[in-house]
Structures are given as C-alpha cells and as structure tokens.
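Structure first, commentary second.
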Amino acid sequence: MDEGVLKRIANLLATSSLYTDSPTLIDRIANALSKEAITKVLNDSQRIIESGISKGDIFQNKKDDHPIISIKGEKMLSIYGYLPTTSDIENFLLEVEKDIYNARKAGAIAMSIVNQAKLGGNQ
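Position one of the sequence shown corresponds to residue 1 (UniProt numbering), numbered consecutively onward.
Quick look at the structure:
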C-alpha cells in the first residue's frame with residue numbers, strides 16, 4: 001500500500017472527524033468488515049467535506065511552505081498534507097479489496113492525526 005495514499009485517506013477521515021467533532025467515521029472504517037462498508041465511509045466523509053468546503057469552513061492553504069488543510073470550528077484546526085485525489089480513492093479501494101487491514105490502518109492513522117490537530121502538534 002502506497003504510504004502517501006494511505007496518509008491522504010487518513011487526512012480525509014481526520015478532516016471529516018474534526019469538522020463534525022465526532023470520531024464515528026473513523027470508528028466505522030477501523031471496524032469495517034467489508035469493502036462495501038469502507039466505500040460507504042469514504043463517501044460519507046467526502047460528502048461532509050464537500051459541505052464544509054462549500055461553506056468555506058474547510059480549505060487548503062500553506063503554512064511555512066507546507067500544505068495544510070484548515071478546518072474552522074470552535075477554533076481553527078490544521079492538518080498537514082492534502083486530501084486524496086480521485087485516483088487515491090480508487091487505489092485505496094483496490095488495496096482494501098485485497099487486504100481489509102489497510103482500512104484499519106487508515107483509521108488508526110486518522111485518529112492520531114485528529115489528536116495531534118487538537119493538541120496543535122505536527123502530524
């Protein structure tokens with residue numbers, strides 16, 4: 001599994017979790033038993049993020065020449081890196097079909113990103 005793709009998938013999950021202030025989507029992917037469940041989590045995450053982007057609450061910018069995803073809420077939170085591309089989503093789903101462990105790994109990384117963002121640390 002390409003670690004860059006995995007990180008961007010984790011960023012997707014972490015961004016939706018921070019925006020909704022709920023770890024539910026991360027929990028769902030970390031405990032998913034089927035590729036269908038994983039696909040649904042990714043779709044739900046993307047819909048949440050699309051809503052945040054449309055409202056101007058989620059946006060991509062740079063901090064010290066590093067790409068960050070900014071999430072407006074009670075306070076501004078930042079995640080280092082990018083959201084996944086369409087190709088990233090496709091590749092991740094293909095890998096999950098081979099080994100569901102990749103979804104669990106993405107969930108664990110996403111939760112770590114959430115915790116670091118809330119503490120204001122680097123990911």
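Using N, Cα and C, we set each Cβ at its ideal position, and we do this for glycine too.
Whole-angstrom distance between residue j and residue i, CA atom to CA atom
| i | j | result |
| --- | --- | --- |
| Pro67 | Ile29 | 25 Å |
| Gly73 | Asp57 | 8 Å |
| Asp99 | Asn31 | 14 Å |
| Tyr101 | Leu13 | 16 Å |
| Lys62 | Thr24 | 28 Å |
| Lys40 | Leu93 | 11 Å |
For residue i, the three-state DSSP class (helix, strand or coil)
| i | result |
| --- | --- |
| Ile9 | helix |
Integer Cβ distance of residue i from residue j, believed to fall under 8 Å
| i | j | result |
| --- | --- | --- |
| Gly120 | Ile26 | Wrong, their Cβ atoms sit about 20 Å apart, outside the cutoff. |
Span of the alpha helix (DSSP H) around residue i
| i | result |
| --- | --- |
| Gly119 | Looking at the sequence shown, residue 119 is not Gly but Leu. Start and end: Tyr101 to Leu119. |
| Asn91 | Thr86 to Lys98 |
| Ser45 | Lys35 to Ser54 |
Range of the contiguous beta strand (DSSP E) that encloses residue i
| i | result |
| --- | --- |
| Ser22 | Element bounds for Ser22: n/a, residue is neither H nor E. |
- Does the stretch 2-17 touch the stretch 109-120, meaning 3 or more C-beta pairs lie closer than 8 Å? Three or more pairs of CB atoms, one per stretch, sit closer than 8 Å, so the stretch 109-120 contacts the stretch 2-17.
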